[in-house]
Amino acid sequence: MTDRLGPYLLGPNDENQGIYTGDARELARAIPDENVGLCIADPPYFRVADEVWDRQWKDIDEYANWCLEWGQEVARGLAANGSCFVFGDEKNIAYVQTKLDTLAWGLLNSIVWVKTNYTMLKASPEAMRSFRPQAEERILFYGRDISFPSFSEVRNPKAAQPMAQYLRSERKRAKVPMREVAALFPSKTGNPTGCISNWELGYNFPLPDQYAAIREYLNSHGQNGTKYLRREYEDLRRPFFGGRYTDVWEGPLISASHKEHSCHKPEWIIRRMILTTTRPGDIILEPFAGSGEVCKQARLLGRRWLAFEIDPDTAEQARERVRNTQPPLFVMEPEQGTELVSIDTGPMP
Ligand SMILES: C[S@@+](CC[C@H](N)C(=O)[O-])C[C@H]1O[C@@H](n2cnc3c(N)ncnc32)[C@H](O)[C@@H]1O
397 MTDRLGPYLL GPNDENQGIY TGDARELARA IPDENVGLCI ADPPYFRVAD
447 EVWDRQWKDI DEYANWCLEW GQEVARGLAA NGSCFVFGDE KNIAYVQTKL
497 DTLAWGLLNS IVWVKTNYTM LKASPEAMRS FRPQAEERIL FYGRDISFPS
547 FSEVRNPKAA QPMAQYLRSE RKRAKVPMRE VAALFPSKTG NPTGCISNWE
597 LGYNFPLPDQ YAAIREYLNS HGQNGTKYLR REYEDLRRPF FGGRYTDVWE
647 GPLISASHKE HSCHKPEWII RRMILTTTRP GDIILEPFAG SGEVCKQARL
697 LGRRWLAFEI DPDTAEQARE RVRNTQPPLF VMEPEQGTEL VSIDTGPMP
């Protein structure tokens, strides 16, 4: 794949360092379909941060519809095996979720980030009598390819399962009946198993050698000279490392004195998102760059990055930060299914 992305280049191959100034809704239109491996979106929260950019909308519905606008472009640009994390405030996130759930992906988790260094000093004793202080933040976690339909997927028939759809359409293109493919995978008694129909429905996933066997069969029994299942197995399967993590992530905020942006997200959480869902060389999108922490960590971890930021000064500071980041000579990668014990992805459960 070249480093061109529509009219853009990916960092660090041009002077923008992959960080473009402008409105995420407009810029994201330049992303080709199914191109981005991971999106980490930390949009304005809607009247939470004491910033002008957090108070642009007249009400929560207008804000949620604005999220739908950039969400549509992100979902379209996400690779078949891509993932997306969306940070949000506990009171507003439900409105955003109802919009994002309608897009061509499925909700995997609504993660709760428990802020372990939250200080009770923030809440006055008077306030404590009427509500519980907020010591957490929400993160919606979406996946394009889901092996098992989630609740949201059942409600959303558009949710894609690239492997299932691809297997079905390729077998039909080859004009090979399902029973012939099923015969490749007999049970102990010699009867064909129902695995192919499960794979084509997306209830579960073939193994690499099963995928290769179907490819070989379609190539030898399909239309003469036509090649089938040309897409690589790994491009149809979400990387999903770090089986030890649940949907509760515990770890600290960046202290006020170390923040480079009012909403600067900590390194450990960004590294965990990148290392558990992508492979080296994947493109990582950060539609609301702020400090550019995602781009910085992408560079350190041998991924490519693309970011948008509406404020020119903030965008320039993020570029400067990324420019000054030296990638290490070696990046340790987890094996599929490993527990990331030797990888620095922040506090373990
Ligand atoms: C919550 S902050 C992101 C902080 C970032 N995750 C970090 O770790 O520093 C949201 C950012 O989105 C930017 N922003 C607001 N509206 C935008 C838009 N329409 N397009 C792109 N960026 C926007 C703001 O200027 C702000 O820097």
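Numbering (the numbering used here), first residue to last: 397 to 745.
The beta carbon of each residue, even a glycine, is placed where N, CA and C say it ideally should be.
Point to revise | Buried/exposed call for serine 526, threshold 16 Cβ in 10 Å | key: exposed
Check your understanding: Does ligand 1 have a heavy atom nearer than 7 Å to the CB of lysine 692?
Key -> no
Review point. How about lysine 511 and glutamate 532: do their beta carbons lie closer than 8 Å?
Key: yes
Exercise for review: Using a threshold of 8 Å, state whether the C-beta atoms of arginine 667 and glutamine 413 are closer than that.
Suggested key: no
Exercise for review: Using the Cα positions of arginine 675 and methionine 559, report the straight-line distance between them to the nearest angstrom.
Suggested key: 18 Å
Exercise for review: Answer yes or no: the CB of tryptophan 645 versus the heavy atoms of ligand 1, is any distance below 7 Å?
Suggested key: Every heavy atom of ligand 1 is 7 Å or more from the Cβ of tryptophan 645, so no.
Practice item. Check the DSSP bridge columns for cysteine 659 and list the partner residues they point to. Key: Partner(s): none; cysteine 659 has no beta bridge.
**Study point:** Distance cut-off 7 Å: tryptophan 449 Cβ against heavy atoms of ligand 1
**Key:** yes
Review point. Exposed or buried, what is proline 529 when buried is set at 16 or more other beta-carbons lying within 10 Å of its beta-carbon?
Key: exposed
Check your understanding: Sorry if obvious, but does the Cβ on threonine 710 come closer than 7 Å to a heavy atom of ligand 1?
Key -> yes
Review point. Hey, is serine 687 close to ligand 1, as in C-beta under 7 Å from one of its heavy atoms?
Key: yes
Check your understanding: Since serine 658 and glutamate 447 are thought to touch, with beta carbons under 8 Å apart, how far apart are those beta carbons, to the nearest angstrom?
Key -> 6 Å
**Study point:** Other residues of its chain near aspartate 438: CB distance less than 7 Å, five sequence neighbours each side excluded
**Key:** Non-local C-beta neighbours of aspartate 438 in its own chain, meaning closer than 7 Å and more than five positions away in sequence, comprise Phe483, Cys659, Lys661, Phe684 and Gly686, ordered along the chain.
Exercise for review: For glutamate 596, count neighbouring C-beta atoms within 10 Å of its own C-beta (all shown protein chains included) and say buried if the count is 16 or more, exposed if not.
Suggested key: When all chains shown are included, glutamate 596 counts as buried.
Review point. What residues in its chain sit with their C-beta under 7 Å from that of aspartate 740, if we drop five residues either side in the sequence?
Key: Summary for aspartate 740: the model assigns pLDDT 44, below 50, so the residue's position carries little reliability; its value from the coordinates is reported in the next sentence. Closer than 7 Å at Cβ, skipping near neighbours: Arg667.
Review point. DSSP state of leucine 625, grouped into three classes?
Key: coil
Exercise for review: Just the C-alpha distance for isoleucine 507 and isoleucine 436, rounded to the nearest angstrom, thanks.
Suggested key: 13 Å
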